[in-house]
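Novice: What follows is a single structure, and I will ask about it in a moment.
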Ligand SMILES: Nc1nc2c(ncn2[C@@H]2O[C@H](COP(=O)(O)OP(=O)(O)OP(=O)(O)O)[C@@H](O)[C@H]2O)c(=O)[nH]1
Ligand SMILES: [Mg+2]
């Protein structure tokens with residue numbers, strides 16, 4: 001593709017600093033959520049664990065069919081802001097593509113909008129790289145019901161707040177039980193899982209290695225992939241540090257999702 005460009009951004013501050021490689025220009029549209037390739041090697045290097053890239057990507061069989069993405073995580077983890085930033089990212093990419101701009105969108109200002117706690121469920125849709133994506137945020141009050149949403153989802157995004165270590169222990173149990181549920185077969189065929197370490201822009205954010213070690217998420221992702229005999233390089237599950245506020249690694253998440 002002639003309009004591919006690779007850019008590198010740096011997280012402004014915080015303990016989770018990491019290079020970000022921007023990805024392929026993709027068209028996208030997004031409905032408001034309130035109501036409602038450089039080298040492949042470069043891309044892969046952004047992921048802390050496993051991801052869906054590559055010719056063996058099982059999700060490619062569903063290309064152009066809407067992917068249902070469940071977004072879960074503890075209260076205030078940043079799920080709603082993540083969806084709003086995804087919205088903005090998709091819209092900007094669409095506009096730039098329509099205007100035949102070849103630049104990518106590293107330079108967007110931090111998203112400063114105020115979110116309100118999600119009561120129940122919020123839905124959002126967008127299209128990224130001609131791939132329709134339908135997001136469903138299910139609030140933390142409904143956490144006992146999360147498993148009932150697993151089956152109808154092709155992918156699960158679990159959002160964690162890593163800005164404060166006291167907020168990390170709670171989700172550890174929930175992540176484990178999510179993987180156990182998915183491996184039990186109760187929720188149908190294998191799904192992509194993204195463990196998103198959010199708020200990496202906060203200066204006090206925990207060191208990513210410390211967090212992943214504490215949560216054992218890399219091990220869980222590997223165990224999950226092995227369980228379904230998915231080779232490591234097909235990246236059935238990933239761990240990705242992001243910032244819903246600055247947009248750090250949002251495009252990488254979207255690329256994996258699409
Ligand atoms: N600095 C920073 N703040 C964030 C980030 N993501 C979310 N926040 C803030 O964290 C607070 C909660 O964000 P929400 O997106 O509403 O969190 P949520 O997970 O949807 O919360 P519930 O719907 O109540 O479960 C808001 O004040 C956000 O502005 C981030 O990446 N960085
Ligand atoms: Mg919310």
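In UniProt numbering, the protein residues as written are 1 to 258.
Think of the CB as a built atom: it goes at the ideal place given N, C-alpha and C, for glycine as much as any other residue.
For residue 235, is the classification buried or exposed, using 16 other Cβ atoms within 10 angstroms of its Cβ as the cut-off for buried?
Specialist: Buried is the call here.
Novice: Can residue 247 and residue 118 be called in contact, C-beta distance under 8 Å?
Specialist: For residue 247 and residue 118, no; Cβs fall outside 8 Å.
Novice: So which of 205, 116, 222, 228 has the shortest CA-CA distance to residue 238?
Specialist: Residue 222 is the option with its Cα nearest to residue 238.
Novice: For a test of your reading of the model: does the CB of residue 245 fall under 7 Å from any non-hydrogen atom of ligand 1? Yes or no.
Specialist: For ligand 1, at least one heavy atom lies less than 7 Å from the Cβ of residue 245.
Novice: Determine the direct distance from the alpha carbon of residue 150 to that of residue 193, and round the result to whole angstroms.
Specialist: Roughly 11 Å separates the two Cα atoms.
Novice: State the beta-bridge partners of residue 171 as determined by DSSP.
Specialist: Answer is none; residue 171 lacks a bridge partner.
Novice: What is the rounded straight-line gap between the Cα of residue 182 and the Cα of residue 114?
Specialist: Those two C-alpha atoms are separated by around 33 Å.
Novice: Could you say which of 144, 141, 136 lies nearest to residue 152 if we only look at CA atoms?
Specialist: Checked all of 144, 141, 136; the closest Cα to residue 152 is 136.
Novice: Does DSSP put residue 78 in a helix, a strand or coil?
Specialist: Coil at residue 78, not helix or strand.
Novice: How would you call residue 67, buried or exposed, if buried means at least 16 neighbouring beta carbons within 10 angstroms?
Specialist: Residue 67 should be labelled buried.
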